[in-house]
Amino acid sequence: MASQRSQPLFVALLLLLAASSSDAASSPEADVLLQFKATLSDPTNALKSWDATKSNPCANWAGVICDNDGKVSGLRLEEMSLSGALSDIGLLDGLPGLRTLSFIKNSFEGPMPEVAKLQSLRALFLSSNKFTGVIPENAFEGMSWLKKLYLSDNDFSGPIPMSIAGLPKLLELGLDRNRFSGMIPPLKLNDMKLLNLSNNNLEGSIPESMKNMKPAIFAGNKGLCGKPLQAACQSAESIEKPVPAAPSTLSNQQPVVIAAVAIFIITGLIAVVFLMPRQRHGADDDQLSQPLSTSKSSSKEEPCTEKKLEEGTAGSECGSTRGRKPSASPGGGKDHDHARLIFVRQGRERFELQDLLKSSAEVLGTGHFGCAYRASLSTGHSMVVKRFRDMNRVGKEDFEEHMRRLGRLSHTNLLPLVAYYYRKDEKLLVTDYVAKKSLAHALHGSRAAVKSTAALDWPTRLKIVRGIAKGLNYLYEELQMLSTPHGHLKAANVLLSDSFEPLLADYALVPVMNQTPAQQFMISFKSPESKQEGKTTKKSDVWSLGILILEILTSKIPTTVSPQGKEAVDLPAWVSSVAEEEWTSKVLDPEMKAGNNSEGEIIKLLKIGLACCEENFEKRCELEEVLDKLEELKEEGSSAAEAKTGDDLSLVDIN
Ligand SMILES: *[C@@H]1O[C@H](CO)[C@@H](O)[C@H](O)[C@H]1NC(C)=O
């Protein structure tokens, strides 16, 4: 009985097998190709042969290349008048043997297709199409087999994405005839057989490692300078002279060194601008030849404290201008309306850049984007001048509009932008000076600097967290069009007033920062969604807030701020790895000196911080929820500051 029953099943199976081997269209590879074809526009019917009724894609489908095992290994769809956006290129993931893709000379358009979904690709040719826009930084991430990449003759713009520099096997790279801008990233050149960067808008000095390449590779980029081109890099050269070791290290050490050199160049520019007021009017060119008088700043003990806090490195780039040789570098004073500050805030004392620079300039710190200085006006009022170099994302008009937008913002917990100064390759942002320095300094600076050990007790820390969240929420309300209204929330960008009211600084700069440095250094780009999916969302700032809350409660430096720092800790992972009962003894900063009765509240805040650090941004709480939860927290027992004799009365809440 059993055998009789199984017979029909057996026959059915046989039929099924026969069907699948004779009908190619139902083979998975043919299906994939037909699905892909359906996403293309093919006005000349060039893919007519891609037909469900034709037996084998390897035998007679146009442009399909197969390997010896009958698997599709390549598509060569060149000059077929095809169009569309290739937004479903990920479908080709269903072709496990796919190695080569060529769409040369068609009319494909839209942003860079998501080719990183095809991780086994060896060669990709997108040349001579109509692709546009900025390529996401991680567009080629994980393509560890890619040997040839041609994006030539499209309309791509923005920086060359860093993920290209990270391709381990790349041999040929064609980026010519686009509108790529910014500096040339540190490409791995060891095995590079062909490189073409010509006819773009690239700028800055050509990396030392490329100085022996053919000049034609770089032709047609007006802003590039240095060998092998004729145009020497003026500012960089005059700065590099006193440091003969710098050029030879450039080639090997990639981003760190590039960043260091960039800072060095910035330093030179600083010297230039800070010199201007010391000069009599007239000979512009001579202004550059003047050595920086040994300024007060360079005799300060720690000219770049913030820098040290941020990166765990002991560098004082801001002070290093001192060693600059008084070498002439002609032609530098190209911009003649240099001294014009544009005020974006009503009812503020007006002054000129010269007024600021006449006074002694004290270096406050240096970050990835430039240095900050304190300058005192004749009225005794101090201002902070922050210098940015990588702020060329948008043109002058858009930049100015954004600055005006920031000038309209007003909130207790925001450091107001007062004025700005625009020049093509550098921007100065002028804000008020806040005496207490940054939260990073208060948390991680030498404890002696924070006068009272009671300064950062629990009520104060709670107040700081609440203030930060309120300031952030205000940004969310006022700058709804920005995907990350703050974008760079970290302890070094939170200043503390005399009464420990936090003031957010360096907010809302993502829209004007150059993409590459922004993605490298800005905190919202360190969020899980940015790392995994290459995007930031409204919740990326919530994540930054979470990290900051954990930092405030533990006084540990987070890895997001100091990736290489010896003392840096992956805070969410570390806190979650410790059992909750042990949080008080192991995780919390002992200097918080909480009374027993407030411990419960502290733990609640720690949990809020962890919730903000939820990896999945969709599950992560909204900022409003965080605000509500923060409001529910209690200070409980009296503040240690209040209980003290009163030499620190300013700590008692005054708002
Ligand atoms: C580089 O691209 C340009 C067009 O921008 C082209 O004329 C030149 O032949 C290319 N060079 C190489 C070596 O492919």
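Under mature numbering (1 follows the signal peptide of the UniProt record, and there is no 0), the letters of the sequence shown match residues -24 to -1, 1 to 631, in that order. No residue lacks a Cβ here, since even glycine has one placed at the ideal position from N, Cα and C. Since we're looking at a predicted model, the values are computed, not measured.
Proximity below 9 Å, CB of residue i to CB of residue j
i, j, result
"residue 51", "residue 77", "yes"
"residue 479", "residue 410", "yes"
"residue 528", "residue 437", "yes"
"residue 180", "residue 158", "yes"
"residue 153", "residue 177", "no"
"residue 450", "residue 387", "yes"
"residue 147", "residue 170", "yes"
"residue 416", "residue 348", "no"
"residue 396", "residue 320", "yes"
"residue 465", "residue 499", "yes"
"residue 68", "residue 94", "yes"
"residue 545", "residue 535", "yes"
"residue 202", "residue 175", "no"
"residue 403", "residue 457", "no"
"residue 447", "residue 524", "no"
"residue 137", "residue 120", "no"
"residue 494", "residue 522", "no"
"residue 434", "residue 574", "yes"
"residue 162", "residue 187", "no"
Nearest to residue i (by Cα), restricted to the options the options
i, options, result
"residue 20", "46, 494, 82 and 63", "82"
"residue 132", "111, 149 and 147", "111"
"residue 316", "420, 405, 360 and 40", "405"
"residue 559", "590, 526 and 37", "526"
"residue 699", "87, 122, 561 and 442", "Because the chain in this structure spans residues -24 to 631, residue 699 falls outside the shown range and cannot be described."
"residue 384", "484, 351 and 365", "484"
"residue 365", "187, 492 and 80", "492"
"residue 604", "35, 103 and 442", "442"
"residue 117", "109, 90, 164 and 592", "90"
"residue 323", "392, 369, 87 and 329", "392"
"residue 352", "331, 10 and 362", "331"
"residue 643", "138, 103 and 108", "Because the chain here runs from -24 to 631, residue 643 falls outside it and cannot be looked at."
"residue 590", "574, 462, 504 and 538", "504"
"residue 3", "18, 16, 17 and 46", "46"
"residue 344", "84, 497, 599 and 328", "497"
"residue 557", "538, 568, 580 and 547", "580"
"residue 592", "611, 318 and 518", "518"
"residue 369", "363, 401 and 382", "401"
"residue 24", "41, 56 and 5", "56"
"residue 354", "371, 380 and 326", "326"
"residue 80", "64, 66 and 54", "54"
"residue 548", "586, 477 and 362", "586"
"residue 92", "84, 105 and 75", "75"
"residue 642", "12, 350 and 565", "One cannot answer for residue 642 here, as it falls past the ends of the chain, which runs -24 to 631."
Presumed contact (8 Å Cβ cut-off) between residue i and residue j, rounded CB distance
i, j, result
"residue 510", "residue 130", "With 8 Å as the limit, residue 510 and residue 130 do not qualify as a contact, their Cβ atoms being about 20 Å apart."
"residue 43", "residue 73", "6 Å"
"residue 609", "residue 445", "Actually they are not in contact, since the Cβ atoms of residue 609 and residue 445 sit about 11 Å apart, beyond 8 Å."
"residue 412", "residue 471", "7 Å"
"residue 490", "residue 135", "6 Å"
"residue 531", "residue 420", "7 Å"
"residue 150", "residue 172", "5 Å"
"residue 407", "residue 360", "5 Å"
"residue 14", "residue 38", "Contact flag wrong, Cβ pair sits at about 16 Å."
"residue 602", "residue 584", "6 Å"
"residue 9", "residue 33", "6 Å"
"residue 87", "residue 109", "4 Å"
"residue 473", "residue 512", "Between residue 512 and residue 473 the Cβ distance is about 29 Å, and since that is not below 8 Å, they are no contact."
Interface flag, residue i vs chain B, CB-CB below 9 Å
i, result
"residue 447", "This model lacks chain B altogether; it includes just one protein chain."
- For the segment 140 to 184, which segments carrying the beta strand (DSSP E) assignment without a break, of at least 3 residues, lie completely within its bounds, in sequence order? 148 to 150, 155 to 158, 170 to 172 and 177 to 181
- Message: At 4 residues or longer, what runs of the alpha helix (DSSP H) sit wholly inside the segment 517 to 573?
- Response: 547 to 553
*For the segment 110 to 145, list the beta strand (DSSP E) runs that are entirely contained and at least 3 residues long, ordered along the chain.*
124 to 126 and 131 to 135
Note to self: For a minimum of 3 consecutive residues, which ranges assigned as the beta strand (DSSP E) are wholly contained in the segment 315 to 400?
What the structure shows: With a minimum length of 3 residues, the continuous beta strand (DSSP E) runs that stay inside the segment 315 to 400 are 337 to 342, 347 to 352, 358 to 364 and 393 to 399.
task = Quick one: residues with CB closer than 5 Å to any heavy atom of ligand 1, in chain order, please.
result = 152, 153, 172, 174 and 175
task = Can you check the segment 2 to 28 for any alpha helix (DSSP H) of at least 4 residues that lies completely inside it and give the ranges in chain order?
result = Qualifying alpha helix (DSSP H) stretches, in chain order: 4 to 14.
### Task
Tell me the start and end of each unbroken beta strand (DSSP E) in the segment 20 to 104 that is at least 3 residues and wholly inside, in chain order.
40 to 42, 48 to 52, 76 to 78, 83 to 86 and 99 to 101
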